[in-house]
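Enquirer: Chains as they are written, first to last, in our numbering: chain A, 238 to 444; chain B, 238 to 444.
Built from N, CA and C at the ideal position, the CB exists for glycine as well.
First the structure, which I've put down as structure tokens, then a few questions once you've had a look.
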DNA sequence: GCCGAAGGTGAGCGGGCGCTTAGCGTGGCC
DNA sequence: GGCCACGCTAAGCGCCCGCTCACCTTCGGC
């Protein structure tokens with residue numbers, strides 16, 4: 238199955254910081270299961286089974302099923318923020334930085350859509366405290382993109398009616414890639430990234 | 238709670254065709270519960286309770302919990318298709334028709350986000366047959382929007398690199414409104430509709 | 001060679017799930 | 001007034017859920 242290969246392959250690097258090995262295997266198994274079926278439809282027995290362990294083994298490394306989702310969500314959001322921050326802080330015009338931010342953010346959502354789906358769509362399954370923590374990271378993502386657009390407007394590069402609304406629309410467009418993208422579809426992550434960078438530059442009226 | 242008011246008020250009209258009354262109350266209760274908690278996290282006891290009935294009453298009107306989701310999904314998609322079709326077939330330039338389609342489609346996703354959330358995000362919880370039926374409706378929605386964009390390109394009104402990809406992006410942008418829109422936020426559905434119509438016209442390079 | 005810590009297992013608990021069934025009240029029809 | 005069809009409820013079945021616990025290995029330090 239493509240999801241397993243992908244998560245076991247390229248995506249796994251993102252989880253390198255998780256130790257010990259058994260805890261990482263469980264986390265990766267949980268990402269796959271949550272992405273396929275959703276958090277509530279996934280059983281702890283399924284997660285443990287995918288990691289090649291007994292159901293009880295999960296509770297040696299994680300207190301609850303929700304802690305797994307919380308850890309996945311935080312690591313994923315930190316990665317997303319890092320991507321946007323890198324693009325935002327590079328040298329270049331606002332248009333170049335925005336195109337870079339959008340294309341790399343979209344590539345992440347398309348290529349790592351297993352992770353991105355969990356990160357973007359299972360937020361409501363977290364408890365209040367964990368959700369608040371993740372929402373703070375999300376606002377930082379928002380601020381990075383808004384910063385680039387504000388720079389472009391200030392420099393006369395962009396022509397935008399509503400900076401806040403346009404920022405939201407740009408992020409929304411990128412995030413929804415995780416919902417519809419499929420490796421069986423006609424596009425590669427790179428192609429979608431390039432197409433979307435062009436569309437977003439049009440949205441902000443780049444000269 | 239705003240969701241209850243909204244569904245009991247303006248949105249209810251959409252369910253007028255559902256009879257008898259008890260079946261309609263159960264359907265509306267299910268829409269609210271699925272939108273708040275997700276399909277898998279919603280119990281049949283919760284649905285029946287919201288409709289003011291005992292758990293067993295649900296099974297007089299619906300064979301299974303999944304049948305409720307199926308019915309909601311089909312009615313919702315038919316409504317979405319009708320909105321796009323109306324805009325697509327009106328008189329006017331391609332730009333006017335596209336702006337109309339986007340603004341009314343977005344208004345529906347924002348104003349009726351309780352319904353829209355279920356319709357757009359709970360598709361995977363349906364069984365294979367029901368999902369296939371709904372996906373056919375979704376492809377028809379896609380075709381309506383693509384038709385307008387193709388008309389605009391043919392008439393020299395639009396400047397689009399990738400018609401299929403741009404169509405997908407436009408629909409994706411509109412659909413994701415159901416994920417983030419909140420009545421407590423700074424915009425009304427009308428304002429988001431107008432903003433998005435402008436953004437989409439920019440995306441297709443309308444003259 | 002013994003020991004304790006770390007990491008794992010099999011069995012199973014309390015509970016809530018989707019759904020069923022036996023029976024009850026009630027309104028329309030003759 | 002007698003009767004039945006319909007809409008509904010109270011009770012509960014069988015199942016599987018998240019999670020626990022008693023016990024079992026393995027292995028480095030001495």
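Of the residues A:339, A:351 and A:259, which one's Cα is nearest the Cα of residue 386 of chain A?
Expert: A:339
Enquirer: Along the chain, which unbroken stretches of the alpha helix (DSSP H) at least 4 residues long are found entirely within the stretch 281-326 of chain A?
Expert: 281-287, 295-298 and 302-325
Enquirer: Go to residue 420 of chain B, then tell me how far its alpha helix (DSSP H) extends in each direction, as first and last residue.
Expert: It is not in any alpha helix (DSSP H) - residue 420 of chain B carries neither H nor E in the DSSP assignment.
Enquirer: Determine whether the beta carbon atoms of residue 439 of chain B and residue 439 of chain A lie at a separation below 8 Å.
Expert: yes
Enquirer: Cα-Cα, which of B:343, B:273, B:306 and B:294 is closest to residue 318 of chain B?
Expert: Nearest Cα to residue 318 of chain B within the set B:343, B:273, B:306 and B:294: B:343.
Enquirer: Given a threshold of 16 other Cβ atoms within 10 Å of its Cβ, counted over all protein chains shown, does residue 297 of chain A qualify as buried or as exposed?
Expert: exposed
Enquirer: Leaving out the 5 sequence neighbours to the left and right, which residues in its chain are closer than 7 Å to residue 276 of chain B when beta-carbon positions are compared?
Expert: 306, 359 and 362
Enquirer: Return the CA-CA distance between residue 286 of chain A and residue 292 of chain A, expressed in angstroms with no decimal places.
Expert: If you take the alpha carbons of residue 286 of chain A and residue 292 of chain A, they lie about 7 Å apart.
Enquirer: Distance, Cα to Cα, residue 368 of chain A vs residue 321 of chain B?
Expert: CA-CA distance, residue 368 of chain A to residue 321 of chain B, rounds to 35 Å.
Enquirer: Please identify the residue among A:308, A:271, A:267 and A:303 whose C-alpha is closest to the C-alpha of residue 290 of chain A.
Expert: A:267
Enquirer: Using the three-state DSSP reduction, which class does residue 267 of chain B fall into: helix, strand or coil?
Expert: helix
Enquirer: What does residue 440 of chain A reach in chain B if we use C-beta pairs closer than 7 Å?
Expert: The contacting residues are 436, 439 and 440.
Enquirer: Confirm, please, whether the CB-CB distance from residue 366 of chain A to residue 408 of chain A is below 8 Å.
Expert: Contact flag unset, no.
Enquirer: Can you pull out the residues from the stretch 397-410 of chain A whose beta carbon lies closer than 8 Å to at least one beta carbon of chain B?
Expert: 398, 399, 401, 402, 403, 405, 406, 409 and 410
Enquirer: Give a yes or no on whether the C-beta atoms belonging to residue 354 of chain A and residue 415 of chain A are separated by under 8 Å.
Expert: yes
Enquirer: Closer than 7 Å, Cβ to Cβ, to anything on chain A: give me those residues from the stretch 272-290 of chain B, in chain order.
Expert: Cβ contacts with chain A come from 275, 277 and 278.
Enquirer: At what residues does the alpha helix (DSSP H) containing residue 370 of chain A begin and finish?
Expert: 365-391
Enquirer: Given a cut-off of 8 Å, decide if residue 403 of chain B and residue 436 of chain A are closer than it, judged by their beta-carbon atoms.
Expert: yes
Enquirer: In the stretch 410-427 of chain B, which residues sit with their C-beta less than 8 Å from some C-beta in chain A, listed in chain order?
Expert: 410, 412, 413, 414, 416, 417, 423 and 424
Enquirer: Looking only at its chain, what residues have a beta carbon closer than 6 Å to the beta carbon of residue 283 of chain A, apart from the 5 residues adjacent to it on each side?
Expert: 270
Enquirer: What's the C-alpha gap between residue 377 of chain B and residue 327 of chain A?
Expert: 42 Å
Enquirer: With burial defined as no fewer than 16 other Cβ atoms inside 10 Å of the residue's Cβ, what is the status of residue 393 of chain A: buried or exposed?
Expert: Counting the other CB atoms within 10 Å of its CB gives residue 393 of chain A a total below 16, which places it among the exposed residues.
Enquirer: Taking C-beta to C-beta, are residue 350 of chain B and residue 418 of chain B nearer than 8 Å?
Expert: yes
Enquirer: Could you check which residue in B:381, B:396, B:258 and B:431 has the C-alpha nearest to that of residue 324 of chain B?
Expert: B:381
Enquirer: Any beta carbon of chain B sitting closer than 8 Å to that of residue 433 of chain A?
Expert: yes
Enquirer: Would residue 413 of chain A pass as a contact of residue 412 of chain B if the rule is Cβ separation under 8 Å?
Expert: Taking 8 Å as the Cβ cut-off, residue 413 of chain A and residue 412 of chain B qualify as a contacting pair.
Enquirer: Decide if residue 426 of chain B is buried, meaning its Cβ has at least 16 other Cβ atoms within 10 Å, or exposed.
Expert: buried
Enquirer: Distance check for residue 431 of chain B and residue 444 of chain A, CA to CA, integer angstroms please.
Expert: 23 Å
Enquirer: What are the start and end residues of the alpha helix (DSSP H) that includes residue 409 of chain A?
Expert: 400-412
Enquirer: Less than 6 Å between C-beta atoms, sequence neighbours within five positions excluded: which residues of the same chain meet that for residue 421 of chain B?
Expert: No residues qualify anywhere along the chain.
Enquirer: Residue 299 of chain B: which of B:257, B:410 and B:347 sits nearest, CA to CA?
Expert: If you compare the alpha carbons of B:257, B:410 and B:347 with that of residue 299 of chain B, the shortest gap goes to B:257.
Enquirer: When burial is assigned at 16 or more other CB atoms within 10 Å of the CB, is residue 263 of chain B buried or exposed?
Expert: buried
Enquirer: Select from A:332, A:434 and A:373 the residue whose C-alpha is nearest the C-alpha of residue 398 of chain B.
Expert: A:434
Enquirer: Using the C-alpha atoms, what's the distance from residue 388 of chain A back to residue 301 of chain B?
Expert: Their Cα atoms are separated by approximately 54 Å.
Enquirer: Answer with buried or exposed for residue 348 of chain A, where buried requires no fewer than 16 other C-beta atoms within 10 angstroms of its C-beta.
Expert: Residue 348 of chain A comes out buried.
Enquirer: Given a cut-off of 8 Å, decide if residue 410 of chain B and residue 406 of chain A are closer than it, judged by their beta-carbon atoms.
Expert: yes
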